[in-house]
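Laid out in C-alpha cells, this is it:
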C-alpha cells in the first residue's frame with residue numbers, strides 16, 4: 560500500500576513575527592485560504608488516504624498541527640522527542656508504516672510547499688512511487704527551474720532509467736553563477752519530494768547511513784525515544800541520497816515553490832496591478848512589488864517598492880524583499896524575548 | 560503689558576496616523592518629552608506669564624489642549640466657533656487682550672514649533688516687542704535659512720529700521736531654484752512669530768483688511784460668534800502683513816523648525832549613529848536616516864534607508880522621508896473612515 564510522510568518540523572522563523580511555536584509556518588495560510596499543511600494533505604487526495612498519511616513534527620508543534628488537520632487520525636502525527644534532521648524522522652515514519660504494512664511504499668514531502676498544479680503533482684508522485692516499486696530504486700522528484708535560485712539544492716541527472724533518470728550528483732545552494740550554469744545544463748531543483756519502498760529504504764540506510772544504522776533496532780522494538788537518543792542528526796539528502804547507488808530522479812512540472820520567505824508570497828499569491836501581494840487590511844499607494852501581511856490592524860504603504868511589511872502580535876516588521884530570505888540574520892540581532900521560540 | 564497668543568488650530572494630518580481630533584499634533588511630544596504646545600508656553604517663561612498667554616484653537620481640540628496646559632487659566636483657551644484662517648483668530652485674541660489691557664502689546668506664535676535655543680528665542684521675541692512699542696510698526700521674526708526649504712515662506716528684507724529691517728516683499732513656498740536664490744540673496748524664513756501693539760494692529764486691520772473690518776464691532780461687543788460669522792477667512796500674512804506699510808522684520812537665530820512632517824523629527828531629535836530617530840520600542844538594523852514612531856507595539860526595520868514607519872491606533876504607516884511632507888496626498892486616497900478627522 561502507498562503511504563505518505565509529511566515533514567512538518569520547524570517554526571519557520573523566516574516568517575517572523577507571524578510564525579510562533581503555537582502557530583508555526585505550516586499552519587499559516589501563506590498560499591491561499593487554508594494552512595499550508597492542510598493543502599499538503601488534501602493535495603494527496605486519490606493518491607494516499609489520510610489514514611495512511613503520517614506527519615512528523617516536534618513536540619511543541621503537535622497540537623497546532625493536529626488542530627489544522629481534522630481529517631488526520633491523531634495517532635498519525637508523530638512527535639519527535641528531539642530534532643535530529645530529516646533522515647531519523649523519515650526512518651521513524653517509514654518504520655511506523657512498515658510495521659503496519661510490510662509492503663509499504665512511501666512518499667515523502669514537506670508540509671510547507673506551494674504547488675500550482677495539484678493534478679500534475681499527483682501524477683508525478685504516482686510516477687515516482689511506480690518507479691521505486693518497479694525498479695527497486697529510491698527516487699527524488701526534480702522540478703525544472705524557472706529561475707537561477709540560489710536558495711535551493713540542484714540535481715544533475717545522469718543516465719536514463721525508463722522515463723526517469725539516474726542521479727549524477729547533487730549541488731546544494733549554488734552561487735548565482737553556478738545556479739545559472741546548472742540551469743543552462745539541465746539540472747533540476749531538488750524538491751524534497753521523495754519515494755521509496757520501506758524495504759529498500761531500510762536496506763539503503765543499513766548500507767550507507769552509520770548515523771542511523773545501529774539505532775534501527777530501537778524502532779523495531781517500538782522505542783522512538785531510544786532511537787532518537789542513539790542517532791546522529793543527518794539529513795536524508797546527505798545521509799542517504801548522496802551516498803546511494805540506487806538513486807533516481809523523476810522530472811515533474813507542477814509549479815513547485817518552497818514558500819521559503821515572505822518574498823515567496825510574490826510567487827504564490829495573485830498580485831495586484833502593481834505587482835503587490837497584500838493579505839489582511841492593507842492599502843498600498845504608489846507602491847510596487849511589495850508584500851504586506853497585516854494581522855492585528857491596518858497597514859498603509861506609500862511610495863515604496865520591493866518592501867515587506869508584516870504586522871502581527873504587536874510587532875511590525877519592515878524590510879526589503881531581497882533581505883527576506885535572510886531574515887535569520889536580523890533575528891540574531893534582536894532581543895531573544897522579542898524573537899521568541901526559534902525554529903528551522 | 561505684554562501678552563502672547565498661541566495659535567493651536569488644526570489636527571496636524573501630516574502626523575497621521577498618530578494625530579487625531581482628541582490628540583492633535585500640538586499635544587504630541589514630537590520634539591522631546593513634553594507636548595509641543597506645552598513647550599511653546601513654557602518657552603515664554605520670564606517674557607509673558609501664563610495669565611497673559613492666550614491660546615486660539617478649534618472647539619474639537621479645546622479639551623485636549625487644556626489638558627496639556629495645566630498652567631494656563633482655562634478661560635485663556637479661546638475656541639473658534641468656525642475655522643477662518645489666522646487673521647480672524649489673531650484679531651479676536653488681540654481684542655480679548657485689549658479689553659483687559661488697552662496698552663497691550665502682543666506676541667503671536669504657533670503651538671507646534673521646535674526651538675533649539677529657548678533663550679535666543681526669548682531675546683528675539685523681546686526685541687520684536689520692544690520694536691513695535693518703540694516704532695509703532697508691526698513686526699515679524701525672520702530666521703536665517705539653514706537649507707533651501709521649499710515648504711516655508713520667505714521674507715526679503717528692505718531698508719533698516721534701527722537694528723531691524725523693513726519688509727521688501729514676501730515669497731510663499733518657492734520652487735527649489737527660487738529657494739536657493741532667496742537664500743543666496745539673504746532672504747529670511749518667515750517664522751510666523753509676530754509682534755504688534757493692540758492699538759496698531761486694530762488700525763492696520765481697519766486700513767487694509769476688508770475681510771475683517773466691518774466685523775470688528777462684534778468683538779467690541781464681546782460676540783465672537785457674530786464676528787466669525789461676519790468675517791471672510793484670510794491669513795494674517797495676506798490680510799495684514801503683505802498689505803501694511805508698517806511692516807518690520809527682526810532677525811532671529813534660535814534653531815527654529817516648524818516640525819511640519821514626520822521627516823522633521825530627523826532635525827529636532829537626537830539621531831543614533833546611523834542617523835535614525837526612533838521614538839517608542841523600536842529596533843533598527845542595517846537602517847539609516849529613518850524615522851520610527853512606535854506607540855502600540857514594537858517596530859523592527861531591517862535594511863532600509865530614508866523611511867518613515869509609524870505604528871499607532873491599530874494602523875501602520877510605512878513611507879519615505881521625502882514623501883512625508885506630502886502625506887495629505889496619501890490621505891486623499893485612503894478611505895475616510897481610516898483617515899478620521901482631517902485638519903490643517
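Chains as they are written, first to last, in this note's numbering: chain W, 560 to 903; chain A, 560 to 903.
Idealized CB from N, CA, C, for every residue including glycine.
Inter-residue Cα distance where the pair is residue i and residue j
i, j, result
"residue 729(A)", "residue 702(A)", "14 Å"
"residue 771(W)", "residue 779(W)", "13 Å"
"residue 785(W)", "residue 773(W)", "11 Å"
"residue 903(A)", "residue 700(A)", "Low per-residue confidence applies at residue 903(A): pLDDT is 43, beneath 50, and the placement is therefore not dependable, though the value from the model is reported in the following sentence. Distance between the alpha carbons of residue 903(A) and residue 700(A) is about 22 Å."
"residue 888(A)", "residue 573(A)", "10 Å"
"residue 679(W)", "residue 894(W)", "44 Å"
"residue 609(A)", "residue 602(A)", "11 Å"
"residue 691(A)", "residue 653(A)", "14 Å"
"residue 864(W)", "residue 846(W)", "5 Å"
"residue 760(A)", "residue 836(A)", "41 Å"
"residue 776(A)", "residue 790(A)", "11 Å"
"residue 768(W)", "residue 862(A)", "42 Å"
"residue 621(A)", "residue 664(A)", "25 Å"
"residue 634(W)", "residue 655(W)", "11 Å"
"residue 722(W)", "residue 684(W)", "14 Å"
"residue 734(A)", "residue 740(A)", "10 Å"
"residue 649(A)", "residue 806(A)", "16 Å"
"residue 632(A)", "residue 810(A)", "32 Å"
"residue 819(W)", "residue 892(W)", "20 Å"
"residue 642(W)", "residue 781(W)", "18 Å"
"residue 788(A)", "residue 659(A)", "24 Å"
Proximity winner among the options, relative to residue i (alpha-carbon distances)
i, options, result
"residue 686(A)", "808(A), 732(A), 881(A)", "808(A)"
"residue 814(A)", "860(A), 706(A), 791(A)", "706(A)"
"residue 716(W)", "795(W), 736(W), 801(W)", "801(W)"
"residue 870(W)", "862(W), 884(W), 889(W), 838(W)", "838(W)"
"residue 509(W)", "820(W), 819(W), 764(W)", "Nothing can be reported for residue 509(W), as the shown portion of chain W is limited to 560 through 903."
"residue 693(A)", "755(A), 632(A), 656(A), 658(A)", "755(A)"
"residue 795(W)", "600(W), 644(W), 598(W), 561(W)", "644(W)"
"residue 832(W)", "848(W), 585(W), 857(W), 670(W)", "848(W)"
"residue 874(W)", "649(A), 892(A), 852(A), 890(A)", "852(A)"
"residue 751(A)", "670(A), 633(A), 634(A)", "670(A)"
"residue 584(W)", "840(W), 823(W), 844(W), 892(W)", "823(W)"
"residue 561(W)", "840(W), 604(W), 619(W), 885(W)", "604(W)"
"residue 890(A)", "806(W), 788(W), 844(W), 666(W)", "844(W)"
"residue 619(W)", "581(W), 649(W), 648(W)", "581(W)"
"residue 840(A)", "787(W), 840(W), 897(W)", "897(W)"
"residue 598(A)", "659(A), 632(A), 677(A)", "677(A)"
Cβ-based neighbour list, residue i, same chain, cut-off 6 Å, excluding 5 preceding and 5 following
i, result
"residue 783(W)", "651"
"residue 675(A)", "814"
"residue 704(W)", "742, 748"
"residue 821(W)", "850, 867, 883"
"residue 731(A)", "712"
"residue 738(A)", "707, 709"
"residue 834(W)", "847, 848"
"residue 681(A)", "606"
"residue 657(W)", "663, 757"
"residue 718(A)", "725"
"residue 753(A)", "667, 699"
"residue 762(A)", "none"
Beta-carbon separation (whole angstroms), residue i vs residue j, contact threshold 8 Å
i, j, result
"residue 720(A)", "residue 696(A)", "7 Å"
"residue 577(A)", "residue 804(A)", "Between residue 804(A) and residue 577(A) the Cβ distance is about 43 Å, and since that is not below 8 Å, they are no contact."
"residue 596(A)", "residue 624(A)", "6 Å"
"residue 646(A)", "residue 793(A)", "5 Å"
"residue 812(W)", "residue 672(W)", "With 8 Å as the limit, residue 812(W) and residue 672(W) do not qualify as a contact, their Cβ atoms being about 14 Å apart."
"residue 575(W)", "residue 886(W)", "6 Å"
Own chain residues within Cβ distance below 8 Å of residue i, not counting five before or after
i, result
"residue 579(W)", "570, 872, 899, 900"
"residue 661(A)", "757, 758"
"residue 842(W)", "857, 858, 859, 860"
"residue 689(W)", "none"
"residue 744(A)", "715"
Cutoff 7 Å; reference residue i; Cβ partners in own chain excluding five residues on either side
i, result
"residue 714(W)", "699, 701, 726, 729, 746, 747, 749, 808"
"residue 586(W)", "594, 596, 623, 624, 627"
- Item | Any 3 or more C-beta pairs closer than 8 Å across the stretch 588-603 of chain A and the stretch 822-839 of chain A | A contact exists between the stretch 588-603 of chain A and the stretch 822-839 of chain A.
- Query: Given 8 Å as the limit, is there contact between the stretch 638-648 of chain W and the stretch 706-716 of chain W, that is, 3 or more CB pairs closer than that?
  - Reply: no
- If we count Cβ pairs, one from each stretch, closer than 8 Å, do we get three or more for the stretch 868-883 of chain W versus the stretch 614-631 of chain W? no
- Task: Would you check if there are 3 or more beta carbon pairs closer than 8 Å linking the stretch 603-616 of chain A to the stretch 561-575 of chain A?
- Result: yes
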